[in-house]
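In the working numbering, the protein residues as written are 143 to 377.
Glycine included, each C-beta is placed from N, C-alpha and C at the ideal position.
Here the structure is a predicted model, which means the values were calculated and not measured.
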Amino acid sequence: MLYYINMGIKGYEKLSLVDYDLKLSATIFFGGCNFRCPFCHNSSLVLNPNSVQDIPFCEIVEHLKKRRGIIDAVTFTGGEPTLFKELKTYVKQVKELGFLIKLDTNGSNPSVIKNLLDENLLDYIAMDIKNSLTKYPFTCGVQINIENIIKSIEIIMDSNIDYEFRTTLIKEHHLEEDIYDISNLLKGAKKMTLQKYIPSENCIDASLNEVSKEDASKYVSILKKTISDVSLRGY
Ligand code: SF4
């Protein structure tokens, strides 16, 4: 069952060089998330979204109108943007301004992803793969409907747009056997990125550790057996 949360836009980054591959983008951050990943860097957006004031969408639109021809794309991120009821309306408006649209998602709402794709509103999707399916609840911090994760993966892989799956590697969460499971789960996928975890006081659990570069490189080799393009980010 799909549910929405009554949260607004909590952040707006006017220029990002890293959110959209090879493009200049702006980034819109929604408050609230249905996951509690211990390594989450946006803990205030996830745990206390009401402590951050909403940014009116109309102000963002006015700013974006002036950025046409300067930036290429807008990323919708969170928190978890697919939980936000107005997401489609907002994406549509930004798309009509002529920007490419990227969606960052945890994959928990496949029907929202499918609907946006069916209406040709997305140009790029980045979906987090938290861990092997058996360890998903451990790594996303809550009990979830794992079928929704599988459905989102299928929808994204069947789409005709660019996409990326990405995993933040955590020493305490990811073992070699998990990477083999992820490799099977994403068999045939176009692109996968393994991200370095950067410990921070802002994380939900600040006691975690990163995976070494040596192990991360070994995991790339494992994933390359089933996924064409696998890379490290942050290492
Ligand atoms: S899904 Fe993303 S925003 Fe939500 S808790 Fe996990 S890392 Fe944070």
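What does DSSP give as the partner residues of residue i in its beta bridges?
i, result
"Glu155", "Thr169"
"Thr310", "Gln337"
"Leu374", "Leu336"
"Asp304", "Tyr266"
"Thr219", "Phe171"
"Arg210", "Ile213"
If you follow the alpha helix (DSSP H) that residue i is in, where does it begin and where does it stop?
i, result
"Met299", "Ile288 to Asp300"
"Val236", "Leu229 to Glu238"
"Leu242", "Segment Leu242 to Thr247 is the beta strand (DSSP E) holding Leu242; no alpha helix (DSSP H) there."
"Leu327", "Glu318 to Leu327"
"Leu275", "From DSSP, Leu275 is part of no alpha helix (DSSP H); its letter is neither H nor E."
"Ile197", "No alpha helix (DSSP H) holds Ile197; DSSP gives it neither H nor E."
"Ser186", "Ser185 to Leu189"
"Leu259", "Pro252 to Asp260"
Who are the Cβ neighbours of residue i in its own chain at under 7 Å, not counting the five residues just before and after it?
i, result
"Leu159", "Leu166"
"Ser185", "Asn344, Cys345 and Ile346"
"Gly173", "Met149, Gly150, Lys152, Leu187, Pro191, Val194 and Gly221"
"Ala331", "Met299, Phe307 and Ile369"
Cβ-heavy atom distance between residue i and ligand 1 below 6 Å?
i, result
"Phe177", "yes"
"Gly220", "yes"
"Val188", "yes"
"Cys182", "yes"
"Asn248", "yes"
Report the option in the options whose CA atom is closest to the CA atom of residue i.
i, options, result
"Gly220", "Asn248, Arg210, Lys256 and Asn262", "Asn248"
"Ser301", "Arg375, Gly211, Leu258 and Leu317", "Leu258"
"Glu356", "Lys313, Ile292 and Ala268", "Lys313"
"Tyr377", "Val188, Ile151, Pro191 and Lys360", "Lys360"
"Ile297", "Leu317, Leu328 and Gly283", "Leu328"
"Arg178", "Thr309, Leu245, Gly330 and Cys282", "Cys282"
"Thr217", "Ile267, Val254 and Met299", "Ile267"
"Asn176", "Asn326, Asn251 and Val353", "Asn251"
Within a Cβ cutoff of 8 Å, which residues of the same chain sit near residue i, ignoring the five residues on either side of it in sequence?
i, result
"Leu263", "Lys230, Val233, Lys234, Lys237 and Ile243"
"Thr276", "Asp323"
"Gln285", "Pro279"
"Tyr162", "Asp214, Ala215, Thr217, Leu242, Lys244 and Tyr266"
"Leu239", "Val203, Leu206, Lys207 and Arg210"
"Asp371", "Lys332, Lys333 and Met334"
"Phe171", "Ile151, Lys152, Gly153, Tyr154, Glu155, Asn184, Leu187, Thr219, Gly220 and Gly221"
"Val362", "Leu336, Val372, Ser373 and Leu374"
"Ile364", "Glu318, Ile321, Tyr322 and Ser325"
"Thr309", "Asp270, Ile271, Lys272, Asn273, His316, Ile324, Met334, Thr335, Leu336 and Gln337"
In terms of residues, what are the limits of the beta strand (DSSP E) holding residue i?
i, result
"Val353", "Val353 -> no beta strand (DSSP E), and no H or E assigned at all."
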